[in-house]
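J.: Heads up, the sequence shown is in this note's numbering, so the first residue is 8 and it goes up one at a time. We put the CB at the ideal spot given by N, CA and C, even for glycine.
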Amino acid sequence: MLNGELGSQQDKFEEKTIFNKQQNPILELFTDVRAHNCLRLGLYSRTIFVVLIFIAEFKRMRTPLGNN
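Given below as structure tokens:
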């Protein structure tokens with residue numbers, strides 16, 4: 008009996024979220040854009056990190072050993 012109640016509550020919740028998305032497409036667009044921006048931000052930060060390490064290593068290779 009508890010399983011049946013839980014299933015019906017889950018169905019009601021899914022119907023409600025589908026209804027909310029149909030009612031408010033801006034909300035759906037905002038969540039998609041926010042997730043996309045998070046992924047893009049992670050990609051940019053990783054790229055910048057790699058470039059900075061590459062520049063630091065290149066500078067370290069170019070400096071003579073006598074000059075600290």
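In three-state terms, what does DSSP make of T54?
T.: If DSSP states are grouped into helix, strand and coil, T54 belongs with the helices.
J.: May I ask you to report which of helix, strand or coil DSSP gives L72?
T.: In the structure shown, L72 sits in coil (DSSP, three-state: anything other than H, G, I, E or B).
J.: Taking the straight line between their C-alpha atoms, what separation do you get for I60 and N44?
T.: Each residue's alpha carbon lies about 24 Å from the other.
J.: What's the C-alpha gap between L48 and I62?
T.: Spanning the two alpha carbons is a distance of roughly 21 Å.
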